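Heads up, the sequence shown is in the working numbering, so the first residue is 1 and it goes up one at a time.
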Amino acid sequence: MVNGRKARNAIPGLEVNGVWVSKPTLVKKEALRFFRNHFKEVCVSRPQLHCYGLNSLSKEDRVMLLEPFTRKEIKEAAFGYGSNKAPGPDGFNFRFVKRYWDLLKEDFVRIMEEFHKTGNISPGCGSSFITLIPKVKTPLGLKDYRPITLIGMISKIKSKILANRLKKVLGRVISESQSAFLSGRFILDGPLVVNELLEWLKKRNRKAFLLKIDFEKAYDNVNWNFLMSIMDQMGFPSRWCCWIKGILAASRSAVLVNGSPTFEFNCEKGLRQGDPLSPFLFLLVMEALSCMMKKAKEIGILKGINFTDQEADITHLFYADDALILGEWSRENLQNMARILRIFYICSGLRTNIHKSNLFGVGTEDNEVDNMMEVLGCKRGAYPFFYLGIQVGANMSRISNWNVVIEVVKRRLESWKARTLSIGGRLILIKSVLENLPIYYFSLYQAPMAVINSIESIMRRFLWAGSSEEKKIPWVAWDVIARPKNNGGLGISRLQDINEALLLKWTWRFKLEGNSLWKKVIVGCNGSSRAWTMLPCSSSASGCWKRIVKTGSKKIDNGRELNSYFVADVGAGSSVNFWTDTWLRDQPLRDVYPNLFRLEKNKWVNVNSRVTAENGADTSVKWDWRSFPTSYEEVTELFQILSDIHDYKWSSGADRWKWKGDKNGCFSVNSAKKLISYKSMTATGSNMKWKGWTPLKCKIMVWRADLNRLPTKIELIKRGVTIEDTSCVLCEADSETAIHLFTGCIFSSEIWARVASWCKLPPLLVFDVKDLLSLAETQTKTKQERYILRGIIFTSMWTIWNERNSRVFGGKPRRTIEVMQYIKSMSFFWFRHRSRLKGIDWDAWCNNPMNSM
Numbered sequence: 001m002v003n004g005r006k007a008r009n010a011i012p013g014l015e016v017n018g019v020w021v022s023k024p025t026l027v028k029k030e031a032l033r034f035f036r037n038h039f040k041e042v043c044v045s046r047p048q049l050h051c052y053g054l055n056s057l058s059k060e061d062r063v064m065l066l067e068p069f070t071r072k073e074i075k076e077a078a079f080g081y082g083s084n085k086a087p088g089p090d091g092f093n094f095r096f097v098k099r100y101w102d103l104l105k106e107d108f109v110r111i112m113e114e115f116h117k118t119g120n121i122s123p124g125c126g127s128s129f130i131t132l133i134p135k136v137k138t139p140l141g142l143k144d145y146r147p148i149t150l151i152g153m154i155s156k157i158k159s160k161i162l163a164n165r166l167k168k169v170l171g172r173v174i175s176e177s178q179s180a181f182l183s184g185r186f187i188l189d190g191p192l193v194v195n196e197l198l199e200w201l202k203k204r205n206r207k208a209f210l211l212k213i214d215f216e217k218a219y220d221n222v223n224w225n226f227l228m229s230i231m232d233q234m235g236f237p238s239r240w241c242c243w244i245k246g247i248l249a250a251s252r253s254a255v256l257v258n259g260s261p262t263f264e265f266n267c268e269k270g271l272r273q274g275d276p277l278s279p280f281l282f283l284l285v286m287e288a289l290s291c292m293m294k295k296a297k298e299i300g301i302l303k304g305i306n307f308t309d310q311e312a313d314i315t316h317l318f319y320a321d322d323a324l325i326l327g328e329w330s331r332e333n334l335q336n337m338a339r340i341l342r343i344f345y346i347c348s349g350l351r352t353n354i355h356k357s358n359l360f361g362v363g364t365e366d367n368e369v370d371n372m373m374e375v376l377g378c379k380r381g382a383y384p385f386f387y388l389g390i391q392v393g394a395n396m397s398r399i400s401n402w403n404v405v406i407e408v409v410k411r412r413l414e415s416w417k418a419r420t421l422s423i424g425g426r427l428i429l430i431k432s433v434l435e436n437l438p439i440y441y442f443s444l445y446q447a448p449m450a451v452i453n454s455i456e457s458i459m460r461r462f463l464w465a466g467s468s469e470e471k472k473i474p475w476v477a478w479d480v481i482a483r484p485k486n487n488g489g490l491g492i493s494r495l496q497d498i499n500e501a502l503l504l505k506w507t508w509r510f511k512l513e514g515n516s517l518w519k520k521v522i523v524g525c526n527g528s529s530r531a532w533t534m535l536p537c538s539s540s541a542s543g544c545w546k547r548i549v550k551t552g553s554k555k556i557d558n559g560r561e562l563n564s565y566f567v568a569d570v571g572a573g574s575s576v577n578f579w580t581d582t583w584l585r586d587q588p589l590r591d592v593y594p595n596l597f598r599l600e601k602n603k604w605v606n607v608n609s610r611v612t613a614e615n616g617a618d619t620s621v622k623w624d625w626r627s628f629p630t631s632y633e634e635v636t637e638l639f640q641i642l643s644d645i646h647d648y649k650w651s652s653g654a655d656r657w658k659w660k661g662d663k664n665g666c667f668s669v670n671s672a673k674k675l676i677s678y679k680s681m682t683a684t685g686s687n688m689k690w691k692g693w694t695p696l697k698c699k700i701m702v703w704r705a706d707l708n709r710l711p712t713k714i715e716l717i718k719r720g721v722t723i724e725d726t727s728c729v730l731c732e733a734d735s736e737t738a739i740h741l742f743t744g745c746i747f748s749s750e751i752w753a754r755v756a757s758w759c760k761l762p763p764l765l766v767f768d769v770k771d772l773l774s775l776a777e778t779q780t781k782t783k784q785e786r787y788i789l790r791g792i793i794f795t796s797m798w799t800i801w802n803e804r805n806s807r808v809f810g811g812k813p814r815r816t817i818e819v820m821q822y823i824k825s826m827s828f829f830w831f832r833h834r835s836r837l838k839g840i841d842w843d844a845w846c847n848n849p850m851n852s853m
């Protein structure tokens with residue numbers, strides 16, 4: 001894998017002035033020239049931009065930023081890096097730092113104290129390597145490579161400490177239009193907003209434009225003076241600005257060309273990709289553009305997409321350097337937007353790459369878009385398009401729109417040398433890699449069953465054949481494989497369950513997050529909902545949000561809706577819906593008291609508008625009926641709901657939400673997946689205990705034997721394989737089945753007798769595989785003995801099966817004493833290297849493994 005990556009990243013040569021150059025010295029010379037010019041600030045003096053309306057840091061935040069660096073803070077920064085991350089010019093990775101921390105910590109404390117006082121960077125500490133990652137399959141020039149900076153150990157720790165402090169305060173000053181890198185903001189907020197806006201605009205026949213902007217080498221072109229000016233306007237302390245300026249000014253780089261560095265050069269602009277501080281500093285740069293657009297909207301020269309009956313009024317969505325501008329369809333509007341981008345470039349250094357930027361029209365004809373393109377000179381975009389790595393504006397119920405996901409799974413399989421892997425290795429790859437590949441799409445869109453079946457079919461073929469194309473006998477039904485291990489499966493998750501659990505996270509976020517932008521858009525697009533669901537959803541909705549809402553309304557095996565597991569502890573009652581949220585009972589009151597719900601005038605009323613609780617105890621209820629309850633059913637429900645309200649234990653303070661699918665009350669995708677996947681399924685009859693010291697391939701073989709799904713001769717005949725001689729190759733006395741092979745065969749019986757003698761156990765009387773798997777529980781007294789004996793039984797079954805296979809395919813037969821010796825040596829090897837118990841002795845193991853510790 002490492003060699004493959006090294007080969008892909010190698011630079012065989014470069015095209016220089018139309019001539020291909022492959023001589024290493026000339027390639028290095030060109031790399032030095034290119035990047036020295038690339039990071040040179042051409043425009044020495046830029047106009048200063050005064051951004052009126054930038055949020056300012058609070059006094060408490062300013063004090064926190066300047067606090068002395070603590071030992072705990074320094075250690076967390078150092079230990080927050082991966083141990084094997086590529087080192088910088090100093091050659092030290094963080095495995096070294098962590099191992100010798102007690103020896104090095106005082107030096108780090110001294111360095112950070114000095115940096116806190118002066119903001120100076122020692123010569124050499126600012127040095128870095130630029131490693132080049134190809135952006136295209138066949139790169140020709142240096143523009144086809146992405147420069148990633150490898151900075152030194154001390155610089156990494158300094159940047160990490162400052163980044164950890166900075167991200168604590170940025171969430172309070174960065175506008176809601178930016179969704180990158182900050183806690184509580186999610187990369188898919190933008191695609192969700194765009195999808196809902198497109199649907200909303202189309203249904204109202206409103207014209208609008210979407211401008212997808214590409215900034216040319218955004219991180220590399222940031223002007224440092226501009227960044228310092230923005231930080232100053234946002235109220236960052238002068239000492240903090242001094243620290244940041246010191247880190248930037250000390251930047252020196254050398255380009256790594258096939259592992260060999262060029263001479264160093266000074267950097268005069270840009271934020272180093274690879275520095276943990278850079279993403280947060282870039283947010284400050286983009287906040288200036290966000291502020292400009294906000295001000296332009298306020299004074300009327302820029303018109304965004306307006307929700308006339310709601311708060312939402314959107315002009316832009318930013319995720320780091322991915323910018324999407326939205327506005328009303330007019331030439332003047334787009335011209336003003338172009339002027340704003342031009343001013344931003346002059347001040348910040350971030351130039352719009354018009355050749356990679358796209359203009360999309362909503363509710364417009366192609367010729368209208370073509371005419372409007374002249375304003376910017378960009379390209380016309382087509383729907384659907386990719387935004388933040390995911391398709392937007394697409395009908396995701398259409399299977400063809402999921403081809404990109406299916407192709408990703410197939411391409412990943414093609415890159416693996418899977419035929420050299422055991423079935424255990426393939427199972428691990430499925431669970432750790434293949435299951436996770438569709439997660440990004442699954443987090444926003446509900447996948448059609450045909451797509452899920454297609455991906456699971458690829459996974460099934462890979463498990464049994466090691467390839468997505470080749471077909472082999474699927475010995476165990478996928479429905480059984482995709483069960484938890486304690487229910488007889490292999491623990492592979494159903495993709496549909498993963499999809500639904502990921503979509504359910506939006507419900508949790510909707511209830512917990514206060515006034516976020518994506519939530520405003522959802523309420524604005526669906527505010528007139530009459531679906532009476534937990535989340536607002538317009539009856540005419542047809543996009544991804546409708547399917548998110550539908551997922552929460554799904555009933556699982558116990559008859560409860562998934563949404564009913566989101567339970568409110570009512571305090572103020574201002575954020576909990578009286579009828580559609582779950583708070584008084586274990587399901588919404590609309591379902592518990594349907595007759596009263598029909599009489600309610602305002603079905604979206606909150607709890608605090610209906611109930612007043614004095615001191616959390618004395619309650620009074622104020623109703624607003626369409627007609628007063630008169631029937632027996634209505635009056636009965638009224639008395640019952642009043643009794644429930646009287647008995648309710650009111651919380652103090654704000655409303656709090658809990659997820660009843662987990663003991664800790666906090667939602668997680670994993671707990672939701674377990675809840676969804678739980679089914680009253682019939683047991684498979686498996687007695688498998690998966691914890692142990694034998695390899696996974698061995699355990700899977702035992703699991704298959706327990707299910708009678710090994711390719712014995714009788715089972716092969718059942719599946720259409722022609723076999724003339726069905727007798728057991730070990731004893732030739734009976735037909736070959738799994739039960740006979742492991743329990744009824746004379747050869748196997750002698751093996752089990754030898755195992756019993758070796759382990760000092762009474763004779764083992766077993767009649768089927770389940771008896772074998774229960775021996776560890778019936779023949780032992782202590783937990784340690786069970787742990788050892790279970791592994792020995794698994795090893796013995798593995799060895800018997802391998803002996804059978806060897807004889808079937810022409811191998812030399814072994815005597816039982818030879819097989820027994822192999823069992824001893826193999827079990828010793830596995831136990832010694834895979835067991836949690838240590839101190840094993842070979843002689844003691846051979847004498848009696850049960851007492852060998």
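Just so you know, even glycine gets a beta-carbon here, dropped at the ideal spot from N, CA and C.
As the structure is a prediction and not an experimental result, all values here were calculated from the model.
Burial check for Pro139: the Cβ neighbour count within 10 Å reaches 16 or more, so the residue is buried. Taking each of Met64, Cys745, Ser806, Glu176 in turn and checking the Cα distance to Ala163, the smallest one comes out for Met64. Sequence-distant Cβ neighbours of Val702 in its own chain, meaning closer than 6 Å and more than five residues away, are Phe794, Met797. Between the alpha carbons of Glu470 and Ala477 lies a distance of about 17 Å. Counting the other Cβ atoms within 10 Å of the Cβ of Gly53 gives fewer than 16, which makes it exposed. Contact check for Leu642 against Val621 passes: the beta carbons are separated by less than 8 Å. Between Lys158 and Pro279, the alpha-carbon positions lie close to 15 Å from each other.
Close CB contacts of Trp604 within its chain, under the 7 Å cut and outside five residues either way in sequence, are with Asn577 (chain order). In the three-state DSSP reduction, Trp845 falls in the helix class (H, G or I). For Ala208, the enclosing beta strand (DSSP E) stretches over residues 208-214.
Nearest to Thr70 by C-alpha distance, out of Ile714, Ile244, Ile161, Ile213, is Ile161. If only uninterrupted alpha helix (DSSP H) runs of at least 4 residues are considered, those enclosed by the stretch 533-580 are 544-552. Here Arg547 is buried: its Cβ has 16 or more other Cβ atoms, across all protein chains shown, within 10 Å.
Per the coordinates, the alpha-carbon of Ser179 lies some 6 Å from the alpha-carbon of Phe186.
A distance of 8 Å or more separates the beta carbons of Glu561 and Ile676. Judged by DSSP in its simplified three-state form, Ile325 adopts strand. Secondary structure at Ser83: coil, using DSSP grouped into helix, strand and coil.
In the structure shown, Trp583 falls within a coil segment according to DSSP collapsed to helix, strand and coil.
The beta-carbon separation of Arg585 and Asp644, rounded to 7 Å, stays under the 8 Å limit for a contact. Taking 8 Å as the cut-off, the Cβ atoms of Thr149 and Ile130 count as close. Straight-line spacing of the CA atoms in Ser443 and Lys505 works out to 8 Å. Each residue's CA atom was taken as its position, placing Ile723 and Glu456 some 31 Å apart. Listed in chain order, the non-local C-beta contacts of Trp402 below 6 Å within the same chain comprise Val451, local neighbours out to five positions each way being set aside. For Tyr383 against Leu324, the beta-carbon gap comes to about 14 Å, at or over 8 Å, which does not count as contact.
Ile305 and Thr315 have their C-alpha atoms some 6 Å from each other. Using a 10 angstroms sphere on the CB of His355, the tally of other CB atoms stays under 16, which defines it as exposed. Within the stretch 15-89, the complete alpha helix (DSSP H) segments of 4 residues or longer fall at 24-38, 59-65, 71-79, listed in chain order. Taking Glu732 as reference, the option from Val808, Cys544, Thr420 with the minimal CA-CA separation is Val808. Straight-line measurement puts the Cα of Asp624 at about 10 Å from the Cα of Ser609. Residue range 439-442 is occupied by the alpha helix (DSSP H) that includes Tyr441. By the 16-neighbour rule on beta-carbons within 10 angstroms, Ile428 is exposed.
Separation of the CB atoms of Gly270 and Asn221 is rounded to 6 Å, and the pair is thereby assigned contact status at 8 Å.
A direct Cα-Cα distance of roughly 12 Å separates Gly88 from Arg252. Contact between Asn195 and Gly543 is confirmed by a C-beta separation of about 5 Å, below the 8 Å threshold. In the displayed model, Gly363 falls within coil according to three-state DSSP, outside both helix and strand.
Every alpha helix (DSSP H) stretch that sits fully inside the stretch 615-692 and reaches 4 residues is listed by chain position as 632-647, 669-677.
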